[in-house]
Amino acid sequence: EAEHITMVLYPNDSSELGKELRLRQQYFLASATLQDVIAHWKARHNDDLGGFAEKNCFQLNDTHPSITVAELMRLLIDEENMQWDQAWNITQSVLAYTNHTVMPEALERWPVALFRQLLPRLLDIIFEINARFLAEVSNRWPGDIDRLRRMSLIEEDGQQQVRMANLALVGSFSINGVADLHTELLKQDLFRDFYQLWPHKFNNKTNGVTQRRWLAGCNPQLRELINRVIGEQWIANMEQLEKLKPFADDAGFRAQWRDVRRHNKEKLVALVKRECNIDFDVNALFDVQVKRMHEYKRQLLNVLHVIHLYNDIKSGRTDNWTPRCVLFGGKAAPAYAQAKLVIKLIGNVAQVINQDPEMRGLLCVAFVPDYRVTAMEAICPGTDLSEQISTAGKEASGTGNMKFMMNGALTIGTLDGANIEIREALSGEHFFLFGLTAQQVVETRKNYQPDVLIAADERLSQVMALLESGHFNRFESGLFEPIIHSIRNPHDPWLVAADFSSYVDAQRRAAELFRDVEGWTRASIINTASSARFSADRTIADYNRDIWKMNPVTVQPLS
Numbered sequence: 045e046a047e048h049i050t051m052v053l054y055p056n057d058s059s060e061l062g063k064e065l066r067l068r069q070q071y072f073l074a075s076a077t078l079q080d081v082i083a084h085w086k087a088r089h090n091d092d093l094g095g096f097a098e099k100n101c102f103q104l105n106d107t108h109p110s111i112t113v114a115e116l117m118r119l120l121i122d123e124e125n126m127q128w129d130q131a132w133n134i135t136q137s138v139l140a141y142t143n144h145t146v147m148p149e150a151l152e153r154w155p156v157a158l159f160r161q162l163l164p165r166l167l168d169i170i171f172e173i174n175a176r177f178l179a180e181v182s183n184r185w186p187g188d189i190d191r192l193r194r195m196s197l198i199e200e201d202g203q204q205q206v207r208m209a210n211l212a213l214v215g216s217f218s219i220n221g222v223a224d225l226h227t228e229l230l231k232q233d234l235f236r237d238f239y240q241l242w243p244h245k246f247n248n249k250t251n252g253v254t255q256r257r258w259l260a261g262c263n264p265q266l267r268e269l270i271n272r273v274i275g276e277q278w279i280a281n282m283e284q285l286e287k288l289k290p291f292a293d294d295a296g297f298r299a300q301w302r303d304v305r306r307h308n309k310e311k312l313v314a315l316v317k318r319e320c321n322i323d324f325d326v327n328a329l330f331d332v333q334v335k336r337m338h339e340y341k342r343q344l345l346n347v348l349h350v351i352h353l354y355n356d357i358k359s360g361r362t363d364n365w366t367p368r369c370v371l372f373g374g375k376a377a378p379a380y381a382q383a384k385l386v387i388k389l390i391g392n393v394a395q396v397i398n399q400d401p402e403m404r405g406l407l408c409v410a411f412v413p414d415y416r417v418t419a420m421e422a423i424c425p426g427t428d429l430s431e432q433i434s435t436a437g438k439e440a441s442g443t444g445n446m447k448f449m450m451n452g453a454l455t456i457g458t459l460d461g462a463n464i465e466i467r468e469a470l471s472g473e474h475f476f477l478f479g480l481t482a483q484q485v486v487e488t489r490k491n492y493q494p495d496v497l498i499a500a501d502e503r504l505s506q507v508m509a510l511l512e513s514g515h516f517n518r519f520e521s522g523l524f525e526p527i528i529h530s531i532r533n534p535h536d537p538w539l540v541a542a543d544f545s546s547y548v549d550a551q552r553r554a555a556e557l558f559r560d561v562e563g564w565t566r567a568s569i570i571n572t573a574s575s576a577r578f579s580a581d582r583t584i585a586d587y588n589r590d591i592w593k594m595n596p597v598t599v600q601p602l603s
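In case it helps, our numbering puts the sequence shown at residues 45 to 603.
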């Protein structure tokens with residue numbers, strides 16, 4: 045029975061049983077953590093919780109652990125016999141909330157009926173937190189019923205639901221996004237009411253990744269090359285990578301850099317052959333998009349470009365062609381039918397292209413199965429072009445973009461998430477920018493007419509004609525109608541058709557630069573040398589400086 049709670053992480057929550065299991069998991073993990081920390085504290089401090097708030101901080105990583113707010117109150121009131129005000133003061137002093145999405149539908153809501161069935165005492169506490177909180181809001185904005193309705197911890201429209209993000213916001217002393225743009229969108233849009241109430245709580249902490257795994261560990265040849273010219277201090281202090289920049293102008297070093305990159309591409313060729321039985325040409329541009337399958341990440345836009353390239357080859361437009369191998373990878377949530385259909389489209393397009401003799405040496409496509417960390421450790425060092433093409437304003441940060449940059453890939457992307465800061469780190473160079481900005485996305489949605497855009501763009505018209513003719517589903521009639529409808533839908537939230545032309549133009553710029561071997565190599569070196577700010581060391585230092593306020597421990601090197 046206990047194993048039922050822990051056997052499956054992130055169960056499919058499209059059914060009532062799945063929802064119940066998710067809530068059970070979240071409560072179990074949050075409560076076990078709190079009880080463990082409190083027990084250790086009491087054992088060391090003679091059962092005295094007086095200084096608990098000064099020495100403990102819990103970072104709520106998105107809404108999944110936000111039940112911690114109510115559970116900590118339960119433990120302090122019911123188990124430790126505290127009065128409400130004392131317990132609430134401790135709770136608000138030790139909890140901090142990191143948000144990882146700007147999409148309202150991704151903020152968890154749990155039916156009140158489910159809470160009442162599984163966690164009745166916590167529901168009582170949540171109602172009490174809500175009553176006291178709404179009194180505070182009402183005092184600040186008397187008579188503003190709409191604001192009270194928006195900020196309430198309980199969603200009252202239709203079925204009553206507990207808004208877990210609101211619970212985290214109310215119970216935390218710190219609220220942060222994970223990229224500059226993301227945090228601004230939280231303040232100005234998603235959590236605007238809360239920002240107006242508590243502006244002092246909001247701060248930004250741009251994500252990072254550890255260079256010890258995502259450069260030094262997964263790319264040993266590049267690690268050794270960098271060590272030879274600037275030493276190995278960068279492994280503990282990423283700022284040292286700035287010393288690489290002058291070497292971008294050294295022809296001899298560029299040649300060594302290319303040798304390392306070719307070695308890494310050969311390892312990626314072997315992975316694709318082993319897992320997909322597809323032969324990638326090591327001399328081609330390796331164009332890679334590996335990440336969670338979601339419509340906002342726009343794998344669909346990428347595959348439309350692949351179809352455009354296929355159409356160009358079939359039409360004989362191959363002058364100054366850059367051979368390209370396109371690699372996709374990612375997993376879709378169990379109930380996410382549209383994301384799974386995009387995977388099917390990629391597979392069908394890949395099959396048509398890879399079996400066509402006219403494509404040989406010009407275009408190849410693969411979808412790596414079972415995308416996972418160990419696969420990324422081989423994919424990342426072998427990538428030339430990193431696809432970070434989400435609809436602007438939808439990606440909180442991204443971390444794959446950082447891993448690719450560290451390993452010398454160039455990015456094609458929108459001004460979204462951490463892409464903005466990556467481009468800033470590169471001084472606007474060596475980054476293939478395209479697409480609408482977040483503000484332009486908002487304006488475009490007001491009068492979006494994809495059919496007009498498609499008719500006006502011959503390239504997109506030809507791609508849509510191939511899709512709509514059933515060219516990629518000859519024996520599966522109507523299979524891709526939902527995808528076609530989504531592209532032509534005036535209410536398409538991802539604006540695929542709107543960004544297609546700009547995306548194709550940016551891809552052409554990337555292809556042109558790739559043919560300039562020395563120019564591409566120089567840009568690759570500059571990308572790695574400019575990646576220091578995306579180290580997790582900097583991220584953790586920022587959290588500690590502003591939120592946790594712990595005394596750093598000096599780690600002595602092993603003798």
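Ideal Cβ placement from N, Cα and C applies to all residues, glycine included.
Alpha-carbon spacing of residue 580 relative to residue 288, whole angstroms: Position 536 of the sequence shown holds residue 580. Position 244 of the sequence shown holds residue 288. The alpha-carbon atoms of residue 580 and residue 288 are separated by roughly 20 Å.
Out of 488, 226, 263 and 75, which one is the CA nearest neighbour of residue 250? The residue labelled residue 250 in the question sits at position 206 within the sequence shown. Closest option to residue 250, Cα to Cα, is 226.
Can at least three beta-carbon pairs, one atom from the region 313-329 and one from the region 337-346, be found at a separation below 8 Å? No, they do not touch.
Helix, strand or coil for residue 105, going by three-state DSSP, please let me know. Taking the sequence shown and counting its residues from 1, one reaches residue 105 at position 61. Of the three classes helix, strand and coil, the one that applies to residue 105 here is strand, per DSSP.
Closer than 8 Å is the cut-off here; do at least three beta carbon pairs connect the region 294-314 with the region 395-406? No: the two stretches stay apart, fewer than three of their Cβ pairs being nearer than 8 Å.
Terminal residues of the alpha helix (DSSP H) in which residue 239 lies: As a working mapping, residue 239 is identified with position 195 in the sequence shown. Under the DSSP assignment, residue 239 falls in the alpha helix (DSSP H) whose first and last residues are 236-241.
Identify which residue in 365, 473, 432 and 333 has its Cα closest to the Cα of residue 558. For the purposes of this step, residue 558 is taken as residue 514 along the sequence shown, with counting starting at 1. Nearest of 365, 473, 432 and 333 to residue 558, Cα basis: 365.
Can the beta-carbon of residue 526 be found less than 8 Å from the beta-carbon of residue 385? Within the sequence shown, numbered from 1, the residue matching residue 526 stands at position 482. Within the sequence shown, numbered from 1, the residue matching residue 385 stands at position 341. For residue 526 and residue 385, yes; Cβs fall inside 8 Å.
Nearest-angstrom Cα separation, counted from residue 370 out to residue 346: The sequence position of residue 346 within the sequence shown is 302, counting from 1. The sequence position of residue 370 within the sequence shown is 326, counting from 1. For residue 346 and residue 370, the distance between alpha carbons rounds to 9 Å.
In the DSSP assignment, the beta strand (DSSP E) including residue 456 goes from what residue to what residue? Translated into positions along the sequence shown, residue 456 becomes position 412. Start and end: 454-457.
Looking at the secondary structure, which residues open and close the alpha helix (DSSP H) in which residue 512 lies? In the sequence shown, residue 512 corresponds to position 468, counting from 1. Start and end: 502-512.
Roughly how many angstroms lie between the CA atoms of residue 81 and residue 515, to the nearest whole one? The count along the sequence shown starts at 1 and reaches residue 81 at position 37. The count along the sequence shown starts at 1 and reaches residue 515 at position 471. The straight-line gap from Cα to Cα measures roughly 60 Å.
Over the uninterrupted alpha helix (DSSP H) stretch that includes residue 154, give me the two end residues. Start at 1 with the first residue of the sequence shown, and residue 154 comes out as number 110. Taken as a continuous stretch (DSSP letters only), residue 154 belongs to no alpha helix (DSSP H), being part of the beta strand (DSSP E) at 153-155.
Other residues of its chain near residue 379: CB distance less than 6 Å, five sequence neighbours each side excluded: On the sequence shown, position 335 is the one that residue 379 refers to. Taken in chain order, the residues that qualify are 56 and 58.
My output table needs one value for residue 261: the three-state DSSP class, helix, strand or coil. Translated into positions along the sequence shown, residue 261 becomes position 217. Three-state result, residue 261: helix.
From residue 422 to residue 79, what distance separates their C-alpha atoms? Counting from one through the sequence shown, the residue named residue 422 turns up at place 378. Counting from one through the sequence shown, the residue named residue 79 turns up at place 35. Near 40 Å, if we compare the C-alpha coordinates of residue 79 and residue 422.
Indicate whether at least one CB of chain C lies closer than 8 Å to the CB of residue 128. Here chain C cannot be found, since the structure has a single protein chain.
Please list the terminal residues of the continuous alpha helix (DSSP H) segment that includes residue 70. As a first step, residue 70 must be located in the sequence shown, where it is residue number 26. Unbroken alpha helix (DSSP H) run through residue 70: 60-88.
Contacting residues, own chain, Cβ-Cβ under 8 Å from residue 204 (five flanking each side not counted): In the sequence shown, residue 204 corresponds to position 160, counting from 1. Here the set comprises 155, 156, 157 and 198.
From the DSSP output, in three-state form, read off residue 407 for me. The residue given as residue 407 occupies position 363 in the sequence shown. Residue state, collapsed to three classes: strand.
If distances are taken between C-alpha atoms only, which option among 177, 485, 95 and 448 comes closest to residue 475? The residue given as residue 475 occupies position 431 in the sequence shown. Ranking the options by Cα distance to residue 475, first place goes to 448.
Helix, strand or coil: which one does DSSP assign to residue 558? Within the sequence shown, residue 558 is the residue found at index 514, counting from 1. The three-state secondary structure of residue 558, taken from DSSP, is helix.
Just to check my reading of the structure: residue 417 and residue 316 have Cβ atoms closer than 8 Å, yes? What is that Cβ distance to the nearest angstrom? Within the sequence shown, numbered from 1, the residue matching residue 417 stands at position 373. Within the sequence shown, numbered from 1, the residue matching residue 316 stands at position 272. Contact doesn't hold; Cβ gap of about 17 Å is too wide.
Could you check what DSSP says for residue 395 in three-state terms: helix, strand or coil? Against the sequence shown, residue 395 aligns to sequence position 351. Here DSSP, grouped into helix, strand and coil, assigns residue 395 to helix.
The alpha helix (DSSP H) with residue 140 in it runs from where to where? Sequence index remark: in the sequence shown, residue 140 carries index 96 (1-based). Following the DSSP letters along the chain, one finds residue 140 in no alpha helix (DSSP H) but inside the beta strand (DSSP E) bounded by residues 139-142.
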